[in-house]
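First comes the structure, then the notes that go with it.
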Amino acid sequence: MMKSIFWDFDGVILDSMSVRDQGFIEVLKPYPEEQVAFLLDFHRRNGGWSRYVKFRYFFEQIRGESVSEETVNEMAQHFSVIMKRILTNKELLIQDALNFIKKYHKDISMHIVSGSDHVELNYLCAQLEIDLLFQSIDGSPTPKAELVGNLLNTRHYPKHEVVLVGDSINDYEAASKNEIGFIGYNNLTLEEGHAYVKAFNDYDLKKIETLFKSA
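Residue 1 is where the sequence shown starts when you use the UniProt record's numbering, and the numbers rise one by one after that.
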């Protein structure tokens with residue numbers, strides 16, 4: 001039996017990816033547009049990775065220069081201020097996933113594991129009034145695979161009874177590294193080769209458990 005569902009946040013619970021694009025554009029405004037465009041492409045292909053990783057990538061891989069932790073943290077903080085201003089809009093909540101969570105959160109333990117900043121993530125969930133639906137809400141700078149591993153250890157969940165729902169290959173990799181099930185969602189590139197949900201309003205908990213067994 002499935003004991004727990006670990007949920008990604010961006011693109012799974014909140015339709016936030018385009019907003020986060022704008023956050024990177026604003027923070028990186030002093031830099032050449034072509035370089036920022038490369039960063040946005042990297043960001044979209046690696047939705048499960050934290051902004052800390054992405055800002056380091058921008059400097060070290062795109063610009064070919066070193067960057068201090070202080071600069072990365074300052075940019076991450078600027079980015080967070082922008083996100084807190086925009087992402088508290090409840091209209092951005094993805095309703096089919098949220099309705100499923102609301103319906104079944106008392107029947108099965110649910111957790112958020114996200115590449116979003118931990119403090120910001122908890123703030124957003126509280127403002128969006130969804131925080132009480134989850135037993136824990138964890139984010140970066142701790143890498144997602146480590147967040148998953150920590151939850152498995154502290155909650156003593158058997159790996160074969162846990163599934164992660166995510167919308168990026170990074171989510172799949174975090175699940176695979178920890179040897180738990182994975183269900184793709186909201187990203188058709190994940191449909192081939194993975195258990196996949198097109199819309200949660202087509203599923204009840206029993207159907208998800210059936211899908212989980214193939215994950």
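A virtual CB, placed ideally from N, CA and C, is assigned to each residue, including glycine.
The model shown is predicted, which means the values in this text are computed figures rather than measured ones.
- Message: Quick check: is the beta carbon of GLU70 nearer than 7 Å to any beta carbon in chain D?
- Response: Among the protein chains of the structure shown there is no chain D, as only one such chain exists.
- State the CB to CB distance for the pair PHE200 and PHE100, rounded to an integer number of angstroms; the pair is presumed to be in contact (CB under 8 Å). A Cβ-Cβ separation of about 4 Å places PHE200 in contact with PHE100 under the 8 Å criterion.
- Message: Quick check on DSSP: helix, strand or coil for GLY184?
- Response: Assignment of GLY184 by DSSP, reduced to helix, strand and coil, places it in the strand class.
- Name the DSSP beta bridge partners of VAL197, please? TYR185.
- Task: For ASN186, count neighbouring Cβ atoms within 10 angstroms of its own Cβ and tell me buried if that reaches 16, exposed if not.
- Result: Within a 10 Å sphere around the beta-carbon of ASN186 sit 16 or more other beta-carbons, which makes this residue buried.
- 8 Å contact criterion, which GLU120 and LYS84 should meet: CB distance rounded: Rounded, the Cβ-Cβ distance is 6 Å, consistent with contact.
- Message: Please report the straight-line C-alpha distance between LYS3 and SER116, rounded to a whole angstrom.
- Response: LYS3 and SER116: Cα-Cα distance of roughly 25 Å.
- Task: Return helix, strand or coil for ILE82, following the three-state DSSP convention.
- Result: Three-state DSSP puts ILE82 in a helix.
- Query: Between the C-alpha atoms of GLU74 and ILE82, what's the straight-line distance to the nearest angstrom?
  - Reply: Those two C-alpha atoms are separated by around 13 Å.
- Message: Which residue wins for smallest C-alpha separation from GLY166, given the options VAL148, LYS159, ARG63, GLN135?
- Response: GLY166 has its Cα closest to that of VAL148, out of VAL148, LYS159, ARG63, GLN135.
- Task: Round the Cβ separation of VAL72 and ARG56 to the nearest angstrom and send it over; I've been treating them as touching at under 8 Å.
- Result: That belief holds up - the Cβ atoms of VAL72 and ARG56 are roughly 6 Å apart, short of 8 Å.
- Message: Using the three-state DSSP reduction, which class does GLY64 fall into: helix, strand or coil?
- Response: In the structure shown, the three-state DSSP call for GLY64 is coil.
- Query: Are there three or more Cβ pairs, one per stretch, closer than 8 Å when the region 195-215 is compared with the region 43-57?
  - Reply: As far as the Cβ criterion goes, the region 195-215 does not touch the region 43-57, which means the pair count is below three.
- Message: Going by DSSP, what residue range makes up the beta strand (DSSP E) through ASP138?
- Response: Residues 136-140.
- Item | Which of helix, strand or coil DSSP assigns to ASP204 | The answer is coil: DSSP assigns ASP204 none of H, G, I, E or B.
- Identify the continuous beta strand (DSSP E) that holds SER4 and give its terminal residues. For SER4, the uninterrupted beta strand (DSSP E) segment begins and ends at 4-7.
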